[in-house]
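Protein chains in written order, with the numbering used here: chain L, 1 to 321; chain B, 1 to 316.
The beta carbon of each residue, even a glycine, is placed where N, CA and C say it ideally should be.
Heads up: the structure comes next, in structure tokens.
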Amino acid sequence: MPTPRVFLLSALALALATAACGGGSTQQTAPGGQAMANLSGAIRIDGSSTVAPLSEAAAELFQQQHRNVQVTVGTSGTGGGFEKFCRGETDIADASRPIKSSEADLCKANGVVYEEFTVANDGLSVVVNPANDWARCMTTAQLKKIWDQGSTVNNWKDVDPSFPDVKLDLYGAGTDSGTFDYFTEAINGTSKRSRTDYNATEDDNVTVRGVSGSRGGIGYFGLSYLEENKGKVKGVAIDGGNGCVEATVQTVQNGTYKPLGRPLFIYPTKKLLARPEGLAFVEYYVTNTSAITKQALFVDLTAEQKAKLNSQFEKLKVAGS
Amino acid sequence: MTLTIDPTQPALGQRRLGASKPRHGERAIAALLGLCALVSVATTVGIVVALFVPTVEFFRSVSLREFLTTTEWAPLFDRARFGVLPLATATLVTTLCALAVCVPFGLGAAIFLSEYASGRARSLLKPALEVLAGIPTVVYGFFALTFVTPLLQEIWFGPGDPPQIFNGLSAGLVMGVMILPTIASLAEDAMSAVPRSLRAGAFALGSTKLQVSTRVVVPGALSGIVAAIVLGISRAVGETMIVLVAAGGTPNFTFNPAEAMQTMTAFIAAAGMGDQPTGTIGYKTIFAVGAALFVATFVMNQLSIRLVRRYREAYE
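Structural data, given as structure tokens:
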């Protein structure tokens with residue numbers, strides 16, 4: 001006859017096994033006509049680390065009204081996010097650049113159908129350490145000199161003779177990042193063309209930490225990270241040929257922040273839009289861009305962009321129902 | 001009348017000693033336990049195979065010479081370069097910094113615990129060392145980044161520039177602190193195994209405690225101490241979280257620990273966190289670096305076995 005201890009241990013093991021095997025949030029499709037407040041389900045978002053704070057803000061605001069909908073936001077980078085998206089592992093892809101044709105083909109091959117929505121504007125910001133008082137404005141040529149492929153510039157005085165003799169410390173986006181694609185295309189001419197000896201990361205917070213801790217540091221990321229970390233890093237005005245322009249809401253919206261102004265996208269799957277909670281979330285996202293961008297410190301859409309977005313979404317709703 | 005009993009023949013009408021019918025249950029248990037032991041072997045073989053198959057494919061596209069001798073590491077960029085030396089030197093530099101902390105302090109702590117400490121001191125110190133060993137490595141990493149690096153930047157008096165925000169020195173030093181309990185406890189065990197008679201003999205001949213500790217006990221426990229140090233080196237080489245957080249992600253071919261550098265483990269973690277499509281060269285690069293790490297640790301383990309055997313002192 002097994003001892004009581006054996007019974008206890010096997011009971012514990014059984015309990016743990018059932019807890020591990022069961023559980024996990026399952027997607028529930030509520031029947032049509034159910035009240036909005038009873039929406040529940042899980043929405044998986046992954047992709048650009050630039051867009052992630054925006055999606056997180058949207059999720060936060062949405063969940064204030066719909067507590068049972070779980071939204072998770074990952075930051076694998078735009079490229080990484082599309083990989084997962086086109087394998088059917090995520091419901092929405094965050095992107096700081098439009099989907100590439102190769103990625104679109106992959107999605108098509110795997111039967112993933114999606115919609116593209118422009119949800120915010122961004123001024124890709126170049127940042128330096130707060131103690132850096134010499135690089136208040138930089139030209140795109142100077143940036144290219146620093147960041148171009150094969151560049152051996154390691155000191156600020158090599159960038160411009162008027163700059164002091166301080167070592168350059170480079171922090172930037174990794175190769176999976178849409179910010180990387182966009183920055184290299186805008187500054188170096190070709191997407192993904194870049195020097196390789198810098199601290200490359202898909203997590204922009206690492207770039208913030210690096211630049212804020214290094215006197216000669218320079219890095220680049222989306223405007224919202226600059227707004228969030230105003231005391232730790234300082235933005236550099238960019239001279240794209242028409243004088244020095246700071247990255248602000250106005251300059252990004254009216255297009256004078258060149259060449260680093262860019263739109264930000266989300267790509268929800270058609271499958272997600274067929275689910276009531278998915279449709280509700282995306283509807284919330286595209287109709288409340290002002291509140292969401294304000295919360296997340298992003299640049300809102302222009303009136304023109306908003307009109308376009310709304311008509312796009314209305315067309316979708318009509319077609320879907 | 002004499003009674004002769006032949007011990008080799010069974011007594012009449014009596015059963016023979018020894019198993020009369022096979023015990024299947026015993027054999028089943030033995031097989032099951034053998035299977036458990038085999039699981040560890042099978043896992044090791046599985047890991048080696050899983051590691052080396054993509055590595056072999058990797059070396060079909062990239063020459064071994066480029067991998068081992070060039071000094072630019074940029075496998076995920078468009079103009080890809082596959083020289084592993086920057087990662088290898090970073091691993092080496094951080095390991096050496098770790099050893100500079102954990103060997104003297106670990107051995108010192110071990111000698112103190114084994115030779116000098118009173119019972120009360122031992123009862124306080126040993127748990128403290130256990131606590132140090134129990135701290136999660138990610139906590140160590142952030143400790144290095146947020147406390148040690150600014151401290152080093154403030155008190156830097158050495159040659160060259162003060163450390164950058166991400167540097168190999170803080171990561172190495174904190175790694176040393178992490179490994180210290182391992183070395184201290186293994187070395188202390190080795191020293192306790194040295195028989196009292198040796199110590200007593202030395203004292204009887206008029207040695208001071210220091211002479212006994214350094215000239216009798218430590219040489220006597222040398223093989224155990226060497227094994228402890230090699231274990232420490234293996235842990236330092238394989239450590240990921242601390243270097244990922246505190247040493248940075250810039251592949252940098254340098255021997256200056258005050259600079260930012262990316263170790264082999266940090267590269268594997270960073271590249272793994274991103275998303276490399278299966279089967280691409282970027283994906284296989286992760287395995288190639290993993291295989292290099294595996295080979296390095298394996299060679300060190302073999303070295304350790306040989307050293308331990310060489311210096312082993314067997315006491316009756």
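Continuous beta strand (DSSP E) stretch holding L:Ser125: start and end: Taking the first sequence and counting its residues from 1, one reaches residue 125 of chain L at position 125. Run containing L:Ser125: Ser125 to Val128, per the beta strand (DSSP E) assignment.
Contiguous beta strand (DSSP E) assignments of at least 3 residues, all confined to the segment 213 to 268 of chain L: 217 to 221, 237 to 239 and 261 to 268
Cβ-Cβ distance between B:Gly224 and B:Ala187 below 8 Å: Indexing the second sequence from 1 puts residue 224 of chain B at position 224. Indexing the second sequence from 1 puts residue 187 of chain B at position 187. Closer than 8 Å, so yes.
Proximity of L:Ile238 and L:Thr140 at Cβ, strictly below 8 Å: Taking the first sequence and counting its residues from 1, the one referred to as residue 238 of chain L is at position 238. Taking the first sequence and counting its residues from 1, the one referred to as residue 140 of chain L is at position 140. Yes; because the gap between Cβ atoms is below 8 Å, this pair is in contact.
Contacts of L:Asp169 in chain B (Cβ-Cβ under 7 Å): The residue given as residue 169 of chain L occupies position 169 in the first sequence. Ordered by position in chain B, the residues that pass the 7 Å Cβ test against L:Asp169 are Gln164.
Closer than 8 Å to chain B by CB, L:Ala200: Stepping through the first sequence from its first residue, residue 200 of chain L is reached at position 200. Chain B contact via Cβ: present.
B:Ala329 to L:Asn129 span [Cα, whole Å]: This structure gives no information on residue 329 of chain B, because the portion of chain B shown stretches from 1 to 316.
Whole-number beta carbon distance between B:Met264 and B:Ala292, since they are thought to touch under 8 Å: The residue you call residue 292 of chain B lines up with position 292 of the second sequence. The residue you call residue 264 of chain B lines up with position 264 of the second sequence. About 7 Å separates the two Cβ atoms, so the contact holds.
C-beta neighbour in chain B for L:Ser214, strict 8 Å: Here the question's residue 214 of chain L lines up with position 214 in the first sequence. Closer than 8 Å: yes.
contact_flag[the segment 215 to 224 of chain B, the segment 143 to 158 of chain B] where n(CB pairs < 8 Å) is 3 or more: no
Start-end ranges of the beta strand (DSSP E) lying completely within the segment 143 to 175 of chain B, minimum 3 residues: none
Three-state class that DSSP yields for L:Asp46 in the structure shown: Within the first sequence, numbered from 1, the residue matching residue 46 of chain L stands at position 46. Looking at L:Asp46 - three-state DSSP - the assignment turns out to be strand.
Within-8 Å CB hit, L:Lys192 to chain B: Position 192 of the first sequence, counted from the first residue, corresponds to residue 192 of chain L. Judged by the 8 Å Cβ criterion, L:Lys192 is in contact with chain B.
Three-state secondary structure (DSSP) of B:Arg312: As a first step, residue 312 of chain B is located in the second sequence; it is residue number 312 there, counting from the start. It is coil, neither helix nor strand.
B:Tyr116, buried or exposed, once every other Cβ within 10 Å from all chains shown has been counted against 16: Your numbering for residue 116 of chain B matches position 116 in the second sequence. Exposed: under 16 other Cβ atoms inside 10 Å.
Identified DSSP bridge partners for L:Met138: By one-based count along the first sequence, residue 138 of chain L stands at place 138. According to DSSP, which records beta bridges pairwise, L:Met138 is partnered with L:Ile238.
Of the listed residues L:Pro259, L:Lys258 and L:Val236, nearest to L:Phe132 (C-alpha basis): Residue numbering aside, residue 132 of chain L sits at position 132 when the first sequence is read from its first letter. Inspection of the sequence shows that residue 132 of chain L is occupied by Asn rather than by Phe. Ranking the options by Cα distance to L:Asn132, first place goes to L:Val236.
Straight-line gap, L:Asn229 to B:Thr44 (C-alpha atoms, nearest Å): Here residue 229 of chain L corresponds to residue number 229 of the first sequence, with the count starting at 1. Here residue 44 of chain B corresponds to residue number 44 of the second sequence, with the count starting at 1. So the two alpha carbons sit approximately 46 Å from each other.
One or two residues paired with L:Val69 in a DSSP bridge: Mapped onto the first sequence, residue 69 of chain L falls at position 69. DSSP, once it has assigned bridges, lists L:Gly41 as partnering L:Val69.
Minimum length 4: unbroken alpha helix (DSSP H) runs contained in the segment 36 to 82 of chain B: 64 to 69
Inside the segment 76 to 147 of chain B only - alpha helix (DSSP H) runs reaching at least 4 residues: 85 to 111, 119 to 134 and 137 to 143
Cβ pair count under 8 Å reaching 3, the segment 163 to 170 of chain B against the segment 206 to 217 of chain L: yes
B:Asn252: contacting residues in chain L (beta-carbon distance under 9 Å): In the second sequence, residue 252 of chain B corresponds to position 252, counting from 1. Per Cβ cutoff of 9 Å: Asp197.
8 Å contact criterion, which L:Gly41 and L:Glu277 should meet: CB distance rounded: Mapped onto the first sequence, residue 41 of chain L falls at position 41. Mapped onto the first sequence, residue 277 of chain L falls at position 277. So it is a contact: roughly 4 Å between Cβ atoms.
Boundaries (first-last residue) of the beta strand (DSSP E) holding L:Tyr182: Working through the first sequence from its first residue, we reach residue 182 of chain L at position 182. Note, L:Tyr182: premise wrong, no beta strand (DSSP E); alpha helix (DSSP H) at Gly178 to Asn188.
Check whether L:Ser55 and L:Asp203 have beta carbons under 8 Å apart: Translated into the one-based positions of the first sequence, residue 55 of chain L becomes position 55. Translated into the one-based positions of the first sequence, residue 203 of chain L becomes position 203. Going by C-beta atoms, L:Ser55 is not nearer than 8 Å to L:Asp203.
Whether B:Met261 touches B:Ala133 by CB criterion (8 Å): Locating residue 261 of chain B in the second sequence gives position 261, where the first residue counts as 1. Locating residue 133 of chain B in the second sequence gives position 133, where the first residue counts as 1. Not in contact: B:Met261 and B:Ala133 (Cβ atoms no closer than 8 Å).
Proximity test, Cβ basis, 8 Å: L:Thr118 and chain B: Working through the first sequence from its first residue, we reach residue 118 of chain L at position 118. Not one chain B Cβ lies under 8 Å of L:Thr118.
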